Amino acid sequence: MTAKVLTIAGSDVSGGAGLEADLKMFEEYGAFGTAVVTCIVTFDPAADYGHVLEFIDPEVVNRQLESALSVHEFQAIKSGMLGSVDSALVLARELRTNELPYVFDPVLVCKGAGTMVDLKDLFVENLVPLATVITPNLEEAATLAGLDPIDSVQGMIEAARIIHAQGAQNVVVKGGARLAGEDAIDVLYDGETATILRSRKVHEKLVNGAGCSFASSIAAGIATGMSIREAVIAAKEQVAHGIAGCLDNATGVASLFHPAARTTPSSEVVVTVDEPLTVEG
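In our numbering, the protein residues as written are 1 to 281.
Here it is in structure tokens:
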């Protein structure tokens with residue numbers, strides 16, 4: 001049976017992030033993907049390619065979501081940029097009526113825009129407790145956990161522990177290239193153990209879509225029968241190759257190349273997994 005995965009996310013016309021990235025990643029796992037559009041992200045070339053976000057009316061988001069769930073039987077749901085309180089509440093209401101695995105990428109910051117979307121409290125109260133896996137980056141993890149900026153692996157583990165206590169079943173804190181050092185590091189915490197994943201940074205470019213694609217890869221992995229740990233490790237490898245093979249564009253932030261692991265794998269990409277550390281909840 002072909003796995004089916006639903007993404008609820010914004011459309012990024014650059015093609016590297018958002019629902020465009022999610023659908024590309026689903027196909028890399030042999031899964032069928034469909035999407036609910038929550039907002040449209042465009043760029044203003046006259047203003048240094050600044051982001052412009054236009055949010056879809058929550059009633060339209062609701063109709064899309066109800067339509068998708070009535071048309072297909074999904075094996076997993078992934079959400080990215082929700083953008084508005086109403087859209088987030090619509091999703092939470094639908095998730096409470098089913099038991100599908102839910103991968104929650106809690107988008108609070110739009111890369112390049114530097115704007116914090118004020119959804120923290122709503123996320124913590126309504127969506128974090130529903131997450132099979134939540135995948136915050138360093139800024140999002142610090143915000144959700146109520147911590148100072150995170151600049152170490154220990155800080156990532158502490159944030160993951162706090163977010164897990166908020167109700168998420170599994171937490172992946174994405175350090176990626178933003179953490180100092182030679183390695184791009186991510187931490188998986190399941191409530192008992194913290195597993196540290198590493199891959200050598202292959203360049204210094206900022207790459208759009210890495211976080212979205214990490215989360216959608218995890219969702220596709222779960223949908224196709226992988227364990228949480230297997231899905232996270234596979235996602236780390238897929239995204240590392242996509243970063244290595246990224247495509248330059250006019251915005252100055254490169255676009256992740258989603259099929260790179262299959263079409264142009266980099267010999268520099270090696271993902272290593274540390275022995276799990278026992279961490280008290």
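Using N, Cα and C, we set each Cβ at its ideal position, and we do this for glycine too.
Keep in mind that this is a model prediction, so the values were computed, not measured.
With three or more CB-CB distances shorter than 8 angstroms, the segment 128–138 counts as touching the segment 162–174. Residue environment: residue 96 is assigned as exposed (fewer than 16 neighbouring CB atoms within 10 Å of its CB, all protein chains considered). DSSP places residue 11 inside the beta strand (DSSP E), whose first and last residues are 4–12. The three-state secondary structure of residue 137, taken from DSSP, is strand. Beyond the five residues adjoining it in sequence on each side, residue 273 comes within less than 7 angstroms, by CB distance, of 195, 197, 233 in the same chain, given in chain order.
Looking at the DSSP output, residue 54 shares a beta bridge with 40.
Unbroken beta strand (DSSP E) stretches of 3 residues or longer found wholly inside the segment 138–187: 170–176, given in chain order. Comparing alpha-carbon positions, the option among 210, 151, 263 lying closest to residue 254 turns out to be 210. Under the three-state reduction of DSSP output, residue 96 falls in the coil class, being neither helix nor strand. Looking at the DSSP output, residue 271 bridges to 199. Taking each of 69, 158, 269 in turn and checking the Cα distance to residue 279, the smallest one comes out for 158. The C-beta distance from residue 246 to residue 207 rounds to 5 angstroms, short enough to meet the 8 angstroms contact threshold.
From the listed residues 229, 217, 277, the smallest Cα separation to residue 19 is found for 217. If you look at residue 236, you'll find it isn't in any beta strand (DSSP E); it sits in the alpha helix (DSSP H) that goes 228–244.
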